[in-house]
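Trainee: Residues in the sequence shown are numbered from 126 upward in steps of one, following this note's numbering. Cβ coordinates follow ideal geometry from the N, Cα and C atoms, glycine included. The structure follows.
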Amino acid sequence: MEDYTFRDETLEGIINFAMDIVKAVRSSRAERELTPKTKADFFVLLPEEELPPLLDLCGFMGCLAYANNVTLTSEKSSIPENCYSVTITPTCTVFVQIN
Numbered sequence: 126m127e128d129y130t131f132r133d134e135t136l137e138g139i140i141n142f143a144m145d146i147v148k149a150v151r152s153s154r155a156e157r158e159l160t161p162k163t164k165a166d167f168f169v170l171l172p173e174e175e176l177p178p179l180l181d182l183c184g185f186m187g188c189l190a191y192a193n194n195v196t197l198t199s200e201k202s203s204i205p206e207n208c209y210s211v212t213i214t215p216t217c218t219v220f221v222q223i224n
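Shown next, in the form of structure tokens:
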């Protein structure tokens with residue numbers, strides 16, 4: 126039997142980045158003592174060119190981070206004011222709105 130040698134490093138990088146977002150949101154929720162029952166919306170602020178790879182992962186991130194909605198945006202003006210922020214990378218910030 127031959128080992129399966131296919132590896133898509135680009136896809137792995139995208140999934141790892143999505144998991145970094147999930148981990149940061151979950152950590153920030155824990156710091157604020159928010160239970161999984163407390164649903165939130167979160168907004169991922171990224172440069173326009175970094176949005177497309179994450180579009181298909183919104184449901185994945187939302188489920189793992191206990192969110193109602195996940196919105197990807199490149200415009201800070203589309204983010205509600207009553208959110209707290211979590212910095213993921215120098216170009217990526219997540220804004221969490223508690224419902």
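Once you ignore the five residues that flank residue 145 on each side, which residues in its own chain have a CB closer than 7 Å to its CB?
Mentor: The residues are 213.
Trainee: For the alpha helix (DSSP H) that residue 136 lies in, which residues bound it at each end?
Mentor: 134-156
Trainee: In or out: residue 171 buried (at least 16 other Cβ within 10 Å) or exposed?
Mentor: buried
Trainee: Taking contact to mean 3 or more Cβ pairs, one atom from each stretch, closer than 8 Å, check whether the stretch 141-157 and the stretch 186-198 are in contact.
Mentor: yes
Trainee: Which residue from 215, 211 and 216 puts its Cα closest to that of residue 155?
Mentor: Cα-wise, what sits closest to residue 155 is 211.
Trainee: Please state whether DSSP places residue 210 in a helix, a strand or coil.
Mentor: strand
Trainee: Roughly how many angstroms lie between the CA atoms of residue 136 and residue 199, to the nearest whole one?
Mentor: Each residue's Cα considered, the two are about 21 Å apart.
Trainee: To which residues of the same chain is residue 207 closer than 7 Å at the C-beta, ignoring the five residues directly before and after it?
Mentor: Cβ-Cβ distances below 7 Å link residue 207 to 222 in the same chain, with the five nearest sequence neighbours on each side left out; the list follows chain order.
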